[in-house]
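Student:
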């Protein structure tokens, strides 16, 4: 049933987890935290001791974007660029929700880095639960639902849920957005979309998915005639970017550039061109860039798979979310891919079709996750 688009909102499926599933979530989350923190920190000390020498543990874990979140939480948005070797980087590129949640938690724990790490771990638990609710909404089998818990917890890129990043919260919000769309709850659609857009800026692109669902459910004519159902969808679409536009307004008065979050990307060497040029560059350069290019192609292939299964709303959002960052480089593409609800949906659809692959995929994910976590805690740039 889940291979076909809905012709109308479906509020019938129960989203409640069974007691067995709750216990599985708890066990999988705790075990994955122990495995990845243990292997990651131990591996960094064994293989790259000079990188982690004399660093407090929270600083070993809080790397890359987490450092920027720490600065944003500590001092607010910069007035002018001053960071990195060229002195041309500022924290304008980062959305405010995760940093300020980390700051809020820091009042209780006494350290912003620790606050950010707690936020990402709590958000990860929420993302596992909400993804499982999405599978229930789409009527995946019980076997797939149970396997999905372990697959999510032992994903190759689970490190971002360990390290104060915004991806876990973003996944939970976007998955919640799609559940609300499936059920035709347009106020929840607006709320989840609004929060997603100020967690990661590409969340604003959820407006297109909301529109696609609206047209599928109520027909294009209802929008032309402004019928009640269509007006609810249009209202949600207008509300989704509201927080994002408020941030743009703030940046305009604070630094004189409403699009500062995009223009500052040049400090990270991101320049816009056709994605194929960056993929070609990755294959020609080799090494880590080749790895990033290959993962990018796998993400695009999964995106195409969603379209072939008529998951148009999810596919369009995934395409935009991959195409825009890939237009400025292959760096961080694995994180962008695995930070998307449609990516997990596509993987689960494949594993529903090929159940014998569930255990091997989970085990491979766990092994790869340990390797990537060691690299991340060792401050190796390919894991950023």
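Numbering (our numbering), first residue to last: 1 to 384.
By construction, the Cβ of each residue, glycine as well, lies at the ideal position given by its N, Cα and C atoms.
Fair warning: this is a prediction, and the values are worked out from it, not measured in the lab.
Helix or strand or just coil, what does DSSP make of residue 19?
Tutor: Three-state result, residue 19: helix.
Student: Just to confirm my understanding: we take residue 265, look at its own chain, exclude 5 residues before and 5 after, and list those with CB closer than 8 Å. What are they?
Tutor: Once the five neighbours on either side are set aside, the close Cβ partners of residue 265 are 93, 328.
Student: With a Cβ-Cβ cutoff of 8 Å, do residue 379 and residue 330 count as a contact?
Tutor: For residue 379 and residue 330, no; Cβs fall outside 8 Å.
Student: Roughly how many angstroms lie between the CA atoms of residue 64 and residue 259, to the nearest whole one?
Tutor: Approximately 22 Å between the Cα atoms of the pair.
Student: Taking the alpha-carbon positions, what's the residue 109 to residue 354 distance?
Tutor: C-alpha separation (whole angstroms): 45 Å.
Student: Assuming residue 264 is part of the alpha helix (DSSP H), what are its boundary residues?
Tutor: Run containing residue 264: none; DSSP gives neither H nor E here.
Student: How many whole angstroms separate the CB atoms of residue 126 and residue 135, which I take to be in contact at a CB cut-off of 8 Å?
Tutor: About 15 Å separates the two Cβ atoms, so there is no contact after all.
Student: Helix, strand or coil for residue 398 per DSSP?
Tutor: The question about residue 398 has no answer here: the residues shown for the chain are numbered 1 through 384.
Student: Considering only residues of the same chain and omitting the five flanking positions on each side of residue 1, which have a CB-CB separation below 6 Å?
Tutor: Caution applies to residue 1, whose pLDDT of 46 falls short of 50 and renders its modelled position unreliable; the value that the coordinates give is listed next. For residue 1, where only same-chain residues beyond five positions count, the Cβ hits under 6 Å are 139.
Student: Which of the three DSSP states is assigned to residue 258 in this structure?
Tutor: In this structure, residue 258 counts as coil in the three-state DSSP scheme.
Student: Once the 5 residues before and after residue 205 are set aside, which same chain residues still bring their CB inside 7 Å of it?
Tutor: Result list for residue 205: 317, 320, 321, in chain order.
Student: Since residue 174 is in the alpha helix (DSSP H), which residue starts that stretch and which ends it?
Tutor: Segment 167-183, the alpha helix (DSSP H) holding residue 174.
Student: What is the DSSP secondary structure of residue 190, counted as helix, strand or coil?
Tutor: It is helical.
Student: Over the uninterrupted alpha helix (DSSP H) stretch that includes residue 66, give me the two end residues.
Tutor: 65-75 is the extent of the alpha helix (DSSP H) around residue 66.
Student: Quick one: what does DSSP say residue 230 is sitting in, helix, strand or coil?
Tutor: It is helical.
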